[in-house]
Structure formats: C-alpha cells, structure tokens
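Trainee: Here it is, the structure in full.
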Amino acid sequence: MQQTFVVMTDFSDAAQAALSYTARLAALVEGRVILLHIFEDPLAVALESPLVLAAGRLRFRPQTSRAAVLAALAHEAQQLPVPAEAETAEAPLGPALHRLLAHRFPQLLVLGRAHAHAWFEHLLTLSHQAVVLKEAHVPVLLVPENWHRPELPRRAVVGADGAPLTLQPACLAVAPLLARLRLAATVVHVAAHAHGPSRAPEALEAVRQTSLFGPLDDNHVYDLRETAPVAGLLQAVQELDADLLVVMPRPHFFPGNLFHHDVTAELLRTSPVPVLVLPAVA
8 MQQTFVVMTD FSDAAQAALS YTARLAALVE GRVILLHIFE DPLAVALESP LVLAAGRLRF
68 RPQTSRAAVL AALAHEAQQL PVPAEAETAE APLGPALHRL LAHRFPQLLV LGRAHAHAWF
128 EHLLTLSHQA VVLKEAHVPV LLVPENWHRP ELPRRAVVGA DGAPLTLQPA CLAVAPLLAR
188 LRLAATVVHV AAHAHGPSRA PEALEAVRQT SLFGPLDDNH VYDLRETAPV AGLLQAVQEL
248 DADLLVVMPR PHFFPGNLFH HDVTAELLRT SPVPVLVLPA VA
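Here it is as structure tokens:
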C-alpha cells in the first residue's frame, strides 16, 4: 500500500518547512502527499482558542477568494517531487481532521511549529473521542519552522521510561519509512532521582519490542539521572547530535512522567529537531 502523508498548510514559513521535509520522506518510500488547508471564519479568528491557532492560519487577507486559495494549494502540489493533491476543509480543526483521517487513512500527519501552544494534547483528546478513530491514533510529526536541513534524518533519540510499551496499531504503519531511513537509534532513559537501580535496560527492551528501530543492544542506550524529562531528552539530542526525537506518550499518565501529555507538549514547543510522536496504548 502506498504511504500517504498529510501536511497541514497555511502558507506560512513553518508550513513550508514541514512540506519540504515531508516531500523528502515521501520520496524515500514512493509515497504521496496530501496538502490540507483548514478554512477559518475571519470573524471567528479573533475569538478562537490558542489550541486552534497552533495549527496555523491562513496568511492571505480575509477577503481572498477560496478559488485563489485552492489555486495556490494546487500549485504547491504540482511543484512537489512526489505525487500530491490538495484538500480543504472547514473549521473547526478537530472535526475536520477526524473526517480526513477516517476517509484517507494516512500513515503520518505532519505540522510545522508556527506557535508555542500545547495543541497536541487537545488533538489527541479529540481523536480519542472519535468513534471512527478508536484505537487508531495516527502518528504525528512536528517540524520546527527553522529546520531547513536538506538531508534525511540519520540519528534518532528515542525516549523511554522502562515501563511496558504497546503502541497504537496505526503506529506500525510507519515501519516501512523508519526501515528505509535506517536510523541510528539511541534509547534514552531519564530518571529524576540518582538512587535505586537503573531502568535503562527495561527501557531498551520496551523499545526493542516495537521492532521499529532495527537491532538494538546495550550500546544503544543512554541513561540520565537527576534530570527532568524534557531537559534530559533535549540534552541527549544535543550530545548525541540527533536529528530526530521520538516520543511515545500514553494517555492519562501521571504528571511528570516522560510520557505525560504535558511533557510531550513541552518537547513539541521547544525541541530544536523534528519530533515524531507515536501514541501508545494506555
């Protein structure tokens, strides 16, 4: 089955960075791209919540015709080096995404980071409430607005806490992409306390069981103590010269845990490298 990547676009610099990055990933697996634009009511823009703003907004003037927007989307699709098509939907964001994901079944949803708001928890909560998407959460890739490296990711930091890990079934669909990338993956375990036995071996085994990151042994684990989860993962990204951060959040985990939504949202706001979010089962 041909891999499908949905890129949310608002014609902003952040959206362009995400689109360029996604096109390179799609080319690697002979996949296709769907450019998705959400039409907003100009009168509602001033009243909408920051969580909705986080996905980006139309950069045209409010009076720009929809025909002009559609023409611009079609032009962008034609310029990509992979098969691509444009699609539009009406706000609000949540229901629009639900409809698209339910009918197109993409392997990956890609967004550019245009705003520093915790949209991820909002998006995951909406998906959890959608009957058609039950137990089928789609992986999300966030691309920083200033990420312009032309090369594909080669070195990944994979966060894990040592607890048993089962990914949502939809996450397995990214396996062909990860296999083609041939990432050099390092499992990073972060502990807030210095005392007690390390859970790094359990973290390594949990990630190994996903079968998404190739052969992993004791040389592929990095243990950090007396460090907060966000600071620890970002430190590992810098020290290991990683160009991709992978997190696997579970719903309803207690605050402060590596996979709590607040921690994931903070990583999405601050990571200097693209972040791949693979939702896990509770």
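Using my numbering, you'd call the opening residue of the sequence shown number 8 and step up by one each time. Using N, Cα and C, we set each Cβ at its ideal position, and we do this for glycine too. Being a predicted model, the structure only gives us computed values, none of them experimental.
Measure the C-alpha to C-alpha separation of A243 and T234 and round it to an integer number of angstroms.
Mentor: The residue labelled residue 243 in the question sits at position 236 within the sequence shown. The residue labelled residue 234 in the question sits at position 227 within the sequence shown. C-alpha separation (whole angstroms): 11 Å.
Trainee: Can you say whether S278 is buried or exposed, counting buried as having 16 or more other CB atoms within 10 angstroms of its CB?
Mentor: For the purposes of this step, residue 278 is taken as residue 271 along the sequence shown, with counting starting at 1. Buried, by the Cβ-count rule.
Trainee: How far does the beta strand (DSSP E) with P151 in it extend, from its first residue to its last?
Mentor: To locate residue 151, count along the sequence shown from 1; it is residue 144. 147 to 151 is the span of the beta strand (DSSP E), which, as asked, contains P151.
Trainee: Please state if the CB of T11 and the CB of A117 are separated by a distance shorter than 8 Å.
Mentor: Reading the sequence shown from its first residue, position 110 is the one you call residue 117. Reading the sequence shown from its first residue, position 4 is the one you call residue 11. The amino acid occupying residue 117 in the given sequence is Val; Ala does not appear at that position. Between V117 and T11, the C-beta gap is not smaller than 8 Å, which leaves the two residues out of contact.
Trainee: Which of the three DSSP states is assigned to A44 in this structure?
Mentor: Reading the sequence shown from its first residue, position 37 is the one you call residue 44. Rather than Ala, the amino acid found at residue 44 in this sequence is His. Strand.
Trainee: If you follow the beta strand (DSSP E) that D230 is in, where does it begin and where does it stop?
Mentor: Here residue 230 refers to the residue found at position 223 when the sequence shown is read from its first residue. Run containing D230: 228 to 231, per the beta strand (DSSP E) assignment.
Trainee: Taking 6 Å as the limit between beta carbons, can you name the residues of its chain near A180, skipping five residues before and five after?
Mentor: By 1-based counting over the sequence shown, the position of residue 180 is 173. Once the five neighbours on either side are set aside, the close Cβ partners of A180 are Q114.
Trainee: Can you tell me where the beta strand (DSSP E) holding H82 begins and where it ends?
Mentor: Stepping through the sequence shown from its first residue, residue 82 is reached at position 75. Taken as a continuous stretch (DSSP letters only), H82 belongs to no beta strand (DSSP E), being part of the alpha helix (DSSP H) at 73 to 86.
Trainee: For T95, list the residues DSSP reports as bridge partners.
Mentor: If you number the sequence shown from 1, residue 95 lands on position 88. Partner(s): H44.
Trainee: Count the other CB atoms, across all protein chains shown, that sit within 10 Å of the CB of E83; report buried if there are 16 or more and exposed otherwise.
Mentor: Position 76 of the sequence shown, counted from the start, is the residue given in the question as residue 83. E83 comes out buried.
Trainee: Can you list the beta strand (DSSP E) stretches of 3 or more residues lying completely in the region 230 to 259, in chain order?
Mentor: 251 to 254
Trainee: Specify, as a first and last residue, the run of the beta strand (DSSP E) that R162 falls within.
Mentor: As a working note, residue 162 is residue 155 in the sequence shown. Segment 162 to 166, the beta strand (DSSP E) holding R162.
Trainee: What does the alpha-carbon distance come out to for the pair G239 and V165?
Mentor: If you number the sequence shown from 1, residue 239 lands on position 232. If you number the sequence shown from 1, residue 165 lands on position 158. Distance between the alpha carbons of G239 and V165: 12 Å.
Trainee: Per DSSP, which residues does A287 bridge with? Please list them.
Mentor: Counted from its first residue, the sequence shown places residue 287 at position 280. BP columns for A287 point to L174.
Trainee: Can you name the residues that DSSP bridges to G221?
Mentor: As a working mapping, residue 221 is identified with position 214 in the sequence shown. Note: G221 sits in no beta bridge, so no partner.
Trainee: Please go through the same chain and pick out, in chain order, the residues whose beta-carbon is closer than 7 Å to the beta-carbon of V36, but skip the five residues on each side of it.
Mentor: Position 29 of the sequence shown holds residue 36. The answer, listed in chain order, is Q10, P183, L184, R187.
Trainee: Report yes if the C-beta of V36 is less than 7 Å from at least one heavy atom of the ligand ATP; otherwise report no.
Mentor: Judged by which ligands are present, the structure shown has none, so any question about the ligand ATP falls away.
Trainee: When you compare only the Cα positions, how much space is there between L107 and T217?
Mentor: If you number the sequence shown from 1, residue 107 lands on position 100. If you number the sequence shown from 1, residue 217 lands on position 210. Rounded to whole angstroms, L107 to T217 spans 27 Å at the Cα level.
Trainee: At a Cβ threshold of 8 Å, is V76 touching chain C?
Mentor: The question asks about chain C, but that chain is absent: this structure has only one protein chain.
Trainee: What are the partner residues of H196, as DSSP defines its beta bridges?
Mentor: Your numbering for residue 196 matches position 189 in the sequence shown. H196 is bridged to D230.
Trainee: Answer yes or no: do A201 and R161 have a C-beta to C-beta separation smaller than 8 Å?
Mentor: Your numbering for residue 201 matches position 194 in the sequence shown. Your numbering for residue 161 matches position 154 in the sequence shown. It is not a contact, given that the beta carbons lie outside the stated cut-off.
Trainee: Within a Cβ cutoff of 6 Å, which residues of the same chain sit near V228, ignoring the five residues on either side of it in sequence?
Mentor: What you label residue 228 is simply residue 221 of the sequence shown in a count that begins at 1. Result list for V228: V194, A207, L211, in chain order.
Trainee: From P102, A93, G119, pick the residue whose C-alpha is nearest to that of S19; which is it?
Mentor: Numbered from 1 along the sequence shown, position 12 holds the residue referred to as residue 19. Ranking P102, A93, G119 by Cα distance to S19 puts G119 first.
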